[in-house]
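Numbering (our numbering), first residue to last: 4 to 184.
Below you'll find the structure, written out as structure tokens, and then a few comments.
What follows is the structure, given as structure tokens:
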């Protein structure tokens with residue numbers, strides 16, 4: 004299976020992390036923003052900057068990632084097809100662990116909303132902070148963007164428009180119900 008290359012990749016080698024917190028600021032360039040816009044079906048992604056902090060959890064193989072990103076996105080209104088601009092400012096947290104450190108049973112059980120998500124696997128000793136930001140950008144996007152004042156046209160039956168009582172599709176059943184045996 005071919006490995007898909009992320010559009011916004013900022014790999015960090017876990018072995019190079021110190022015992023304390025490692026902080027970095029990352030920003031998508033114009034080519035990366037264009038590729039992310041295509042991936043997420045946006046008109047454009049005008050800005051994407053993030054602050055990412057990584058901290059190994061002492062006494063375990065876990066690494067915690069805390070991130071905050073800001074993005075300026077342009078989406079297409081689902082009603083009018085006009086451009087809809089929005090500014091996103093989101094925070095997120097993830098845990099990472101080596102694949103062998105993630106219990107297989109933990110991945111197979113049902114996760115409830117009260118439980119923490121299982122850790123993401125550390126692949127080839129690397130955490131891709133850019134892809135983590137891109138994934139959370141996708142989660143923050145409005146799935147049904149609307150231009151101000153845009154509304155769907157209501158389909159009304161012709162009888163309602165003319166002031167008549169609309170025809171009830173169950174009227175025939177009602178007549179059968181009243182029929183004596």
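Where a beta carbon is used, it is the ideal one built from N, C-alpha and C, also for glycine.
Test item: CB-CB of residue 80 and residue 150 under 8 Å: Mapped onto the chain shown, residue 80 falls at position 77. Mapped onto the chain shown, residue 150 falls at position 147. Cβ atoms of residue 80 and residue 150: closer than 8 Å.
Taking the alpha-carbon positions, what's the residue 45 to residue 171 distance? By 1-based counting over the chain shown, the position of residue 45 is 42. By 1-based counting over the chain shown, the position of residue 171 is 168. For residue 45 and residue 171, the distance between alpha carbons rounds to 42 Å.
Please state whether the Cβ-Cβ distance between residue 91 and residue 143 is less than 8 Å. On the chain shown, residue 91 is found 88 positions in, with the first residue counted as 1. On the chain shown, residue 143 is found 140 positions in, with the first residue counted as 1. A contact, by the Cβ cut-off of 8 Å.
Buried or exposed, going by whether 16 or more other CB atoms sit within 10 Å of the CB of residue 34? Residue mapping note: residue 34 aligns to position 31 of the chain shown, counting from 1. Counting every other CB atom within 10 Å of its CB across the protein chains shown gives residue 34 a total below 16, marking it as exposed.
Quick one: grab the DSSP three-state call for residue 11. Against the chain shown, residue 11 aligns to sequence position 8. In this structure, residue 11 counts as coil in the three-state DSSP scheme.
To the nearest angstrom, how far is it from the Cα of residue 7 to the Cα of residue 123? Residue numbering aside, residue 7 sits at position 4 when the chain shown is read from its first letter. Residue numbering aside, residue 123 sits at position 120 when the chain shown is read from its first letter. When rounded, the separation of the alpha-carbon atoms in residue 7 and residue 123 is 17 Å.
Which value, in whole angstroms, describes the spacing of the CA atoms of residue 97 and residue 176? To locate residue 97, count along the chain shown from 1; it is residue 94. To locate residue 176, count along the chain shown from 1; it is residue 173. Distance between the alpha carbons of residue 97 and residue 176 is about 56 Å.
Minimum C-alpha distance to residue 30 - residue among 134, 24, 121: Position 27 of the chain shown, counted from the first residue, corresponds to residue 30. The residue with the shortest Cα to Cα distance from residue 30 is 134.
Along the chain, which unbroken stretches of the alpha helix (DSSP H) at least 4 residues long are found entirely within the stretch 121-154? The stretch 121-154 contains, as complete alpha helix (DSSP H) runs of 4+ residues, the segments 132-143 (chain order).
When DSSP labels each residue in this structure, what does residue 119 get in the three-state scheme? The count along the chain shown starts at 1 and reaches residue 119 at position 116. In the structure shown, residue 119 falls within a coil segment according to DSSP collapsed to helix, strand and coil.
Out of 48, 42, 58, which has the shortest C-alpha to C-alpha gap to residue 18? Locating residue 18 in the chain shown gives position 15, counting from the first residue. Distances from the alpha-carbon of residue 18 to those of 48, 42, 58 put 58 closest.
Going by DSSP, name the residue or residues bridged to residue 55. Along the chain shown, read from residue 1 onward, the residue named residue 55 stands at position 52. Partner(s): 27, 70.
Starting from residue 97, follow the alpha helix (DSSP H) in both directions and report where the run begins and ends. Here residue 97 is taken as the residue at index 94 of the chain shown, counted from 1. For residue 97, there is no enclosing alpha helix (DSSP H); the enclosing beta strand (DSSP E) has its first and last residue at 86-100.
What residue does the alpha helix (DSSP H) around residue 179 start on, and which one ends it? By one-based count along the chain shown, residue 179 stands at place 176. From DSSP, the alpha helix (DSSP H) with residue 179 extends over 174-181.
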